[in-house]
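Accompanying notes for the structure given below.
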Amino acid sequence: MFGHFFKPKTHDAHRVPPGQVLTEKFPVLTYGPTPALRLEEVRLEVKGQVEEAKTFSWADLMALPQSDLTADFHCVTRWSKLDVEWRGIRVLDLMQQIRLKPQAKAVLVHCYGGYTTNLSLDDFLLEHNLLAHTLFGQPLPREHGGPLRLVVPHLYAWKSAKWVRGFQFLDREELGFWETNGYHRRGDPWKEERFSD
Ligand SMILES: Nc1nc2c(c(=O)[nH]1)N[C@H]1C(S)=C(S)[C@@H](COP(=O)(O)O)O[C@H]1N2
Ligand SMILES: [Mo]
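In our numbering, the protein residues as written are -2 to 194.
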């Protein structure tokens, strides 16, 4: 379906989670239409269980520290891509701007186009999580979530929400789009958390 898959070289085998095959391409996996957004209209809204809700413009986001991330990408439909190179704003750097209420336990990620996905606060507040605007040194292509997507590399890629529009902090877990349609609430590829029981 996505061209040819291959088995990892021996030295990479430990990087491929169970049940996954490698691809050198970067397949596009989108449910529904692909939003077209101009940078001037992009907003990132942070709301819910926070002391003060905040909205970030593109300029606000670019003024935050910028970081690189090289990470493997694992789709639950069984393809993995090693060493994807992203650049953007670390979730932890964004969250320096936000004071969470003590009861915040989970986050529901909202996207332009209506897609949602859920994360526990523990899975969200990790150093490697990135709001990416650049892929392999180029502006993030629209089909891959440009201008701005979340990258959560330790979980299956459906958690890496494209065209992200906001973070809603919650005092208890609320499931997102795929999670209400049979996918696992967490999605750790190393534990093969593909589907809910
Ligand atoms: N907004 C949005 N984000 C999304 C999706 C989607 O349909 N809509 N698909 C998810 C799934 S299932 C995967 S595997 C990855 C795919 O990212 P890619 O298209 O850049 O490969 O995006 C995730 N993020
Ligand atoms: Mo996926």
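By construction, the Cβ of each residue, glycine as well, lies at the ideal position given by its N, Cα and C atoms.
Just so you know, these numbers come straight off a predicted model, no measurement behind them.
Starting from the Cα of residue i, find the closest Cα among the options and give me that residue.
i	options	result
Asn115	Lys22, His71, Trp55 and Ala154	Ala154
Arg139	Asp120, Leu127, Val161 and Phe121	Val161
Pro24	Thr74, Ser64 and Pro30	Thr74
Gln63	Cys108, Trp83 and Pro5	Trp83
Ala10	Lys78, Arg169, Lys98 and His125	Lys78
Lys188	Asp168, Ser157, Leu152 and Arg169	Leu152
Given a cut-off of 8 Å on the beta-carbon distance, is the pair residue i and residue j in contact?
i	j	result
Thr131	Gly85	yes
Gly179	Phe192	yes
Glu39	Pro186	Reading the sequence as shown, one finds Val at residue 39 and not Glu. Against a cut-off of 8 Å, the Cβ pair of Pro186 and Val39 comes out as no contact.
Arg87	Glu42	no
Ala129	Glu171	no
Leu105	Gly173	yes
Gly184	Lys159	no
Val47	Ile95	yes
Pro150	Phe70	yes
Phe2	Thr20	yes
Rounded to a whole number of angstroms, what is the C-alpha to C-alpha distance between residue i and residue j?
i	j	result
Leu36	Thr7	43 Å
His181	Val18	20 Å
Lys51	Gly16	41 Å
Glu190	Ala101	24 Å
Met(-2)	Gly134	Bear in mind that a pLDDT of 47 at Met(-2), under 50, signals an unreliable position, so the number given afterwards is only what the model happens to contain. Distance between the alpha carbons of Met(-2) and Gly134: 27 Å.
Asp196	Asp119	Within the shown structure, residues of the chain are numbered from -2 to 194, placing residue 196 beyond reach of any answer.
Trp175	Trp76	17 Å
Val13	Phe164	30 Å
Val81	Leu91	22 Å
Ala33	Ala68	26 Å
Leu61	Asp168	27 Å
Comparing the CB of residue i with every heavy atom of ligand 2, is any distance shorter than 7 Å?
i	result
Ala56	no
Thr74	yes
Ala26	Just to set this straight, residue 26 is Leu in the shown sequence, not Ala. Checking every heavy atom of ligand 2 against the Cβ of Leu26, one is found closer than 7 Å.
Under the criterion of a Cβ to heavy atom distance below 7 Å, does residue i qualify as lining ligand 1?
i	result
Phe23	yes
Gly179	no
Lys188	no
I'd like the ranges of any beta strand (DSSP E) spanning at least 3 consecutive residues and lying wholly in the stretch 132 to 166.
List check, beta strand (DSSP E) in window: 146 to 148.
Alpha helix (DSSP H) runs contained entirely in the stretch 14 to 67, provided each spans 4 or more residues
The qualifying runs are 55 to 59.
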